[in-house]
Structures are given as structure tokens and as C-alpha cells.
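Numbering (the numbering used here), first residue to last: 17 to 195.
The beta-carbon is built from N, C-alpha and C at its ideal position, and this holds for glycine as well.
This is the structure:
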């Protein structure tokens with residue numbers, strides 16, 4: 017058997033020493049330990065205030081008041097104007113026509129027959145039904161010849177007769193019909 021040459025052992029030993037020396041350059045160092053969290057300060061007692069009161073993040077008023085950069089001539093920002101609430105847009109009139117209602121003496125069967133002018137369909141509805149194609153109009157109450165509808169928080173009513181036909185015109189009595 018042929019004995020290995022001693023020069024091979026020297027080469028292997030030098031290679032291992034080189035790898036060990038350069039190991040830190042090729043492999044990232046271990047991660048730094050994470051510092052432990054501090055215990056939360058107790059909440060401020062109402063009326064006590066003081067240093068224990070917690071301020072929300074982003075509250076830099078204390079820094080501005082301390083004037084750490086001695087900027088006395090800096091003008092404070094004017095307060096932001098309060099936004100004006102948008103005026104409610106009036107809802108367009110519903111394209112519905114009440115054809116009639118059915119009310120039983122015992123209020124067990126109460127229905128409204130409504131014609132939708134958009135879809136050109138007549139449908140029968142009961143209380144708490146939502147009428148399609150009206151933006152979520154819901155039937156709240158059905159009374160004889162009248163239906164109360166809630167549409168986006170406003171109540172509207174449909175009547176089977178126009179208001180001008182509710183009262184029947186009385187005759188003057190001047191005209192007499194002879195047969």
C-alpha cells in the first residue's frame with residue numbers, strides 16, 4: 017500500500033484554516049438579541065393628568081411648545097376649517113302607481129297592488145317587502161287606498177286616487193234633469 021504524501025495533508029490543513037478564517041465574511045453574523053419590552057405605565061387617573069397620561073402617537077404638540085430649536089418667529093399653523101357637510105340630494109320621485117289595496121276585516125290579508133312605470137309590471141306586495149328598481153324602497157304600512165313607503169329614511173305615501181279626486185264635487189242644484 018502506498019502511503020499518502022505528507023504534502024497533501026499540509027494542503028488540506030491550509031485550506032481548512034483559510035475557510036475557518038473567512039467564515040465570518042461568507043456567513044451572516046447571528047441576529048442581535050431583541051431588547052425586552054418595558055412594562056407599560058399605569059393609565060392616568062381621571063382628573064390627575066400629569067406625566068402618566070398617555071398621548072397618541074403623532075402628537076408632537078409637546079415638542080412644539082418646548083421650542084427646542086428656539087424658533088420664536090415661526091408662525092403657528094391656522095386651524096383647519098371644519099368641512100361643510102354635504103347637502104342631501106333630493107331623491108327623484110318614484111315611478112310607482114298604487115293600483116289598489118286589499119284589506120281583510122281581521123287584517124290577516126293585507127296586500128298592495130303597485131304598478132312600476134319603469135319596468136311596466138304590476139306586482140302584489142305585503143308589509144316589509146322591498147320594491148325592486150326603486151333604490152331600496154320598503155313598504156312600511158298598507159292602509160285602504162294608501163301605502164306608506166320608507167325610502168332611505170324618508171317616508172313617502174302612494175295613494176290610489178289623486179288628492180284632487182278625494183272630494184266629490186257637489187252639485188249646485190240649478191240644473192234639473194227632466195225625463
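Determine, using beta carbons only, whether residue i and residue j come nearer to each other than 7 Å.
i	j	result
residue 131	residue 140	no
residue 116	residue 125	no
Whose CA, out of the options, lies closest to the CA of residue i?
i	options	result
residue 174	110, 83, 104	110
residue 171	35, 154, 161, 177	154
residue 177	168, 167, 169, 163	163
residue 161	98, 119, 144	119
residue 108	26, 167, 99	167
residue 106	28, 98, 169	169
residue 92	77, 101, 100	77
residue 156	24, 149, 145	145
State buried or exposed for residue i, treating a residue as buried only when at least 16 other CB atoms are found within 10 Å of its CB.
i	result
residue 135	exposed
residue 79	exposed
residue 142	exposed
residue 103	exposed
residue 147	buried
residue 165	buried
residue 159	exposed
residue 114	buried
residue 112	buried
residue 68	With a pLDDT of 48 at residue 68, under the threshold of 50, the modelled position of that residue is not reliable, and the figure given next carries that caveat. Burial call: exposed.
residue 36	exposed
| task | Could you tell me which uninterrupted beta strand (DSSP E) segments, each at least 3 residues in length, are contained entirely in the segment 137-183, listed from first to last along the chain? | result | 137-141, 153-159, 162-167, 170-175
| Inside the segment 93-144 only - beta strand (DSSP E) runs reaching at least 3 residues | Qualifying beta strand (DSSP E) stretches, in chain order: 112-119, 126-132, 137-141.
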